[in-house]
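*Asks:* Residue numbers (this note's numbering), protein chains in the order written: chain L, 1 to 138; chain Z, 139 to 292.
In structure tokens form, the structure reads like this:
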């Protein structure tokens, strides 16, 4: 039986609609849907304008009949991100994971990541835009 | 009695020696001295080459006689950072701007703090930050360069 094929490529402007859909699906899974503020227009402008604020890789799946989707996709994505990051001169790859998301934590650990919060006691802090504006006096 | 004056400005290439010194002092405070891998040469190349990887602000102190140093410096630095735009590395025009504004698109300011560093945690919370690890259960994960090379098959 034929295997599902996965292609990981740089995102294009036309992907922004689907990227937003994936962002919303992830937020729903994380029970943080109310935190999604981004729009498709912002994704396009921020990612494909003159001075891009982010880079994005997309995994395209062409599942073969009868084969379950999603086999090893997470690992393939992380590997590609590591490759791109190294090419750009990065020496670390950092991310955050919810403490109840055991599947994700296990995946990242299996791929060689270390839980810094558990190992060293690091806490992730965030200033929201409103707080930033107050600080900047605007 | 005259107040100590604090000037917060963009870092220049000549600051890299002192920046490295500050990095080492912070690592010593965090009991993580063995994790400092950066060199002055790397700071210069990464920060002041054609495609800068980071932006840096420096706080210069000119203490007045009799005044203790360090009054409110942390807050002043965070306020200035809130003004500055984010990004993988600022484009060329960034260096010509006097003020890099929030309206260029930064909607969050993120950082990590050690759980025993109460002074820092209190400062950031007082300035309006939220502890996401405590509030939502986020854990900070890191792949080191060696792990990245293994993944990339290099």
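For every residue, glycine included, the Cβ atom is placed at its ideal position computed from N, Cα and C.
1. So is residue 281 of chain Z in contact with chain L if we call contact Cβ pairs under 7 Å?
2. State yes or no: is the C-beta of residue 269 of chain Z within less than 7 Å of the C-beta of residue 125 of chain L?
3. If the cut is a Cβ gap below 8 Å, which residues of chain Z does residue 97 of chain L touch?
4. Residue 43 of chain L and residue 16 of chain L look like a contact to me (Cβ under 8 Å); what is the Cβ gap, rounded to whole Å?
5. Does any C-beta atom of chain L lie closer than 7 Å to the C-beta of residue 192 of chain Z?
6. What do you get for residue 154 of chain Z, buried or exposed, if any count of 16 or more other CB atoms within 10 angstroms of its CB means buried?
7. Got a sec: is the Cβ-Cβ distance from residue 167 of chain Z to anything in chain L below 7 Å?
8. For residue 200 of chain Z, collect the residues of the same chain with a Cβ closer than 6 Å to its Cβ; drop the 5 residues on either side in sequence, then sort them by chain order.
9. Nearest CA to the CA of residue 60 of chain L: which residue from L:18, L:49 and L:37?
10. Hey, quick one: how far does the alpha helix (DSSP H) through residue 186 of chain Z stretch, first residue to last?
11. Along the chain, where does the beta strand (DSSP E) containing residue 127 of chain L start, and where does it finish?
12. Please identify, using Cβ separations under 9 Å, the residues of the segment 71-85 of chain L that lie next to chain Z, in order along the chain.
13. Less than 8 Å between the CB atoms is what I'm expecting for residue 191 of chain Z and residue 151 of chain Z, so what's the real figure, rounded?
14. Closest Cβ-Cβ distance between residue 264 of chain Z and chain L: below 7 Å?
15. Could you check if residue 257 of chain Z is buried or exposed, using at least 16 other CB atoms within 10 Å of its CB as the buried criterion?
16. Report the three-state DSSP secondary structure of residue 73 of chain L (helix, strand or coil).
17. Count the other CB atoms, across all protein chains shown, that sit within 10 Å of the CB of residue 113 of chain L; report buried if there are 16 or more and exposed otherwise.
18. Output, in chain order, the set of chain Z residues within a Cβ distance shorter than 9 Å of residue 106 of chain L.
19. Give the residues from the segment 141-163 of chain Z that approach chain L closer than 7 Å (Cβ to any Cβ), ordered along the chain.
20. Express the C-alpha separation of residue 194 of chain Z and residue 236 of chain Z in angstroms, rounding to a whole number.
21. According to the neighbour-count rule (16 or more other Cβ atoms, all chains shown, within 10 Å of its Cβ), is residue 82 of chain L buried or exposed?
22. Using 8 Å as the threshold, is the segment 92-104 of chain L in touch with the segment 269-283 of chain Z, meaning 3 or more CB pairs across them?
23. When the Cα of residue 88 of chain L is compared with those of Z:264, Z:161, Z:167 and Z:287, which residue comes out closest?
*Replies:* Concretely, from the data shown:
1. Interface residue, yes.
2. Remark: C-beta atoms of residue 269 of chain Z and residue 125 of chain L approach each other more closely than 7 Å.
3. Close to residue 97 of chain L, with beta-carbon spacing below 8 Å, are these residues of chain Z in chain order: 276, 277 and 279.
4. Yes, residue 43 of chain L and residue 16 of chain L are in contact; Cβ-Cβ is about 4 Å, under 8 Å.
5. No, residue 192 of chain Z does not count as interfacial toward chain L.
6. It is buried - the Cβ of residue 154 of chain Z has at least 16 other Cβ atoms within 10 Å.
7. No - not a single Cβ of chain L is within 7 Å of the one on residue 167 of chain Z.
8. The residues 143, in chain order, have a CB closer than 6 Å to that of residue 200 of chain Z in the same chain once the five nearest residues on each side in sequence are set aside.
9. Taking residue 60 of chain L as reference, the option from L:18, L:49 and L:37 with the minimal CA-CA separation is L:18.
10. Under the DSSP assignment, residue 186 of chain Z falls in the alpha helix (DSSP H) whose first and last residues are 178-186.
11. Looking at the DSSP string, the run of the beta strand (DSSP E) that includes residue 127 of chain L is 122-128.
12. Correct list: 75, 78, 79, 80, 81, 82, 83, 84 and 85.
13. So it is not a contact: roughly 14 Å between Cβ atoms.
14. Chain L contact via Cβ: absent.
15. Of the residues assessed, residue 257 of chain Z falls on the exposed side of the cut-off, its CB having fewer than 16 other CB atoms within 10 angstroms.
16. Here residue 73 of chain L sits in helix by DSSP.
17. So residue 113 of chain L counts as buried.
18. Neighbours of residue 106 of chain L on chain Z: none; closest Cβ ~12 Å, over 9 Å.
19. Those would be none; no residue qualifies.
20. Because residue 236 of chain Z carries a pLDDT of 28, less than 50, the predicted location of this residue cannot be relied on, and no value is offered for it.
21. Flag for residue 82 of chain L reads buried.
22. In this structure the segment 92-104 of chain L touches the segment 269-283 of chain Z; the number of beta carbon pairs closer than 8 Å is three or more.
23. Minimum Cα distance to residue 88 of chain L is reached at Z:287.
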